[in-house]
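Here is the structure we will look at.
Numbering (our numbering), first residue to last: -10 to 122.
Shown next as structure tokens:
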């Protein structure tokens, strides 16, 4: 359903360094830097058919984060959820909401962690436990 997500940043190099380190946990390679026709720098990450991008705002205004917007990154284990959180915080993110861990829900057990990246964007790391047979 979703082709890509693009986030605005006020410091493209800081954001690239942050996401290069963070997304490596999920098996994603370093971002590819691109300068578009207007001279704005963008960074693109591709992984398992999905694209995540960072950009200097095209309109020349400050990048801001959206209230109520969260980007969820799929993890392969509960340990990876915790690692995502810890690496994010060690590289400039702020831990928010409950500590990383198990949450029981109507859709089964999920492991979650939440952080805000250096630009204030809300990120979630999520691992859904397989349903028992």
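The beta-carbon is built from N, C-alpha and C at its ideal position, and this holds for glycine as well.
- Following the DSSP letters along the chain, one finds residue 75 inside the alpha helix (DSSP H) bounded by residues 67 to 79.
- Per DSSP, residue 1 is one residue of the alpha helix (DSSP H) stretching across 1 to 13.
- Taking residue 29 as reference, the option from 1, 66, 119 with the minimal CA-CA separation is 1.
- If only complete runs of 3 or more residues are kept, the segment 7 to 61 shows the beta strand (DSSP E) at 21 to 24, 30 to 36, 39 to 44, in order along the chain.
- When the alpha-carbon of residue 106 is set against those of -7, -8, 6, -10, the nearest one is in 6.
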